[in-house]
Amino acid sequence: MNPISLLREIIAQGGPVTSDFYGDNASFALLSRVGLLREVGVVSSVVCCDCDAPHSAQVVFAHGKHGYLCPDLGFVALAHSSIKEFGPDISALIERLAEVFEVRQRKSSSIYGETWRIGALRSNVGSVMLYFRPNLQNENDARELRSALEREVRADWRLVLTSEGKLPIAGLVVAQLDDIVEIDAETGDLRSIADAETLAGVPRRVTGGRPSEHGHLLKPLIEDRIKNGKSTTAVGAEARAVRAAFQAAYPDKPIPSDPTIKRYVRAALGGS
Ligand SMILES: [Zn+2]
């Protein structure tokens, strides 16, 4: 799993996570190393499995150590590393996103509630604004997003990145974080994997069969099919299925050409 997908999952959970749970997950370690996850405290309770009857116990700080009180064993010390809690550093994430897309007008704090302005793309067709909102899963999230955007200057196109949820909202496009960026597993650098302008809905001037036009839309469709065990290794049959999936998912978009779809299918299946 790309580290960005793990970060997206953690943001979507909406609360802190423990280092204990993620154990030796390399993506988790990387995210904390580059500051996209930060230590936010320690867990408030643990389950004691050291005595006869497992019970939950509150974590306390005593004798210079974290631990808990067990009726049988008394004070049981806990290793700090096992009870640390981590949460996403949204402000750091916005800063990285702003760098990746070389935006202007970034705002370093949220504009309202949990809605952040990443900034304006340097576009020569009109104003394209990028925003971020941790979750967009229910009507409350949508309402808060709309209130936030009412405080903003008008833009020709608005693209809202989020960790989870794709509620349709008039006047803007919502994309999931890992639709648009990935994190280099070695360096921890963020890089874009899709054209933000295209994602935002800015029409492209047609310049002949440009190959990458639908790549950002085709790729996840193909990967989903592989992940869900729906894919077949016969390129022709798989391309037809992907074509149908594309048509169902994006009824208002022109369908990519068959050679284009086949090329993406071959790439995803590990061919040339
Ligand atoms: Zn106990």
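With the numbering used here as the guide, the letters of the sequence shown map in order to residues 68 to 339.
Backbone N, C-alpha and C define an ideal beta-carbon position, used for all residues, glycine too.
Being a predicted model, the structure only gives us computed values, none of them experimental.
Here's the rule: buried if 16 or more other CB atoms are within 10 angstroms of the residue's CB, otherwise exposed. What is residue i?
i: Phe95; result: buried
i: Gly276; result: Here Gly276 scores only 47 on pLDDT, less than 50, and its place in the model should not be relied on; the value that follows carries that caveat. Looking at its Cβ environment, which holds fewer than 16 other Cβ atoms inside 10 Å, Gly276 is exposed.
i: Leu97; result: buried
i: Gly268; result: exposed
i: Asn202; result: buried
i: Pro121; result: exposed
i: Thr327; result: buried
Under 7 Å: does the beta carbon of residue i sit that close to some heavy atom of ligand 1?
i: Leu145; result: no
i: Leu140; result: yes
i: His122; result: yes
i: Asp117; result: yes
Can you give me the start and stop residues for the beta strand (DSSP E) that residue i sits inside?
i: Thr229; result: 224-231
i: Ala154; result: For the sequence presented, residue 154 should be read as Gly rather than Ala. Element bounds for Gly154: 151-155.
i: Tyr179; result: Element bounds for Tyr179: n/a, residue is neither H nor E.
i: Ala252; result: Run containing Ala252: none; DSSP gives neither H nor E here.
i: Gln172; result: Per DSSP, Gln172 belongs to no beta strand (DSSP E) and is neither H nor E.
i: Ala263; result: Premise fails: Ala263 lies in the alpha helix (DSSP H), 263-267, not in any beta strand (DSSP E).
i: Ala242; result: 240-243
Starting from residue i and walking both ways along the alpha helix (DSSP H), at which residues does that stretch end?
i: Ser94; result: 93-100
i: Arg258; result: Here Arg258 belongs to no alpha helix (DSSP H); instead the beta strand (DSSP E) covers 257-259.
i: Phe199; result: Counting along the chain, Phe199 falls outside any alpha helix (DSSP H), though it belongs to the beta strand (DSSP E) covering 195-202.
i: Asn207; result: 206-217
Comparing the CB of residue i with every heavy atom of ligand 2, is any distance shorter than 7 Å?
i: Tyr135; result: The model depicted lacks ligand 2 and carries ligand 1 instead.
Three or more C-beta pairs below 8 Å linking the stretch 178-197 and the stretch 205-225 = yes
Using 8 Å as the Cβ pair cut-off and three pairs as the minimum, do the stretch 98-112 and the stretch 73-90 touch?
-> yes
Taking the runs of the alpha helix (DSSP H) that are 4 residues or longer, which of them lie wholly in the stretch 277-335?
-> 282-294, 302-316, 325-335
Unbroken stretches of the beta strand (DSSP E), 3 residues or longer, contained in the stretch 95-143 = 104-109, 112-115, 122-125, 127-129, 132-137
Flag this pair as touching only if the stretch 152-170 and the stretch 247-265 have three or more C-beta atom pairs under 8 Å; answer yes or no.
-> yes
Would you say the stretch 280-294 touches the stretch 323-334, given that touching needs at least three Cβ pairs under 8 Å?
-> yes
Check whether the stretch 136-147 touches the stretch 172-182, counting contact only when three or more Cβ pairs, one atom from each stretch, lie closer than 8 Å.
-> no
For the stretch 224-242 against the stretch 202-211, are there 3 or more C-beta pairs whose distance is under 8 Å?
-> yes
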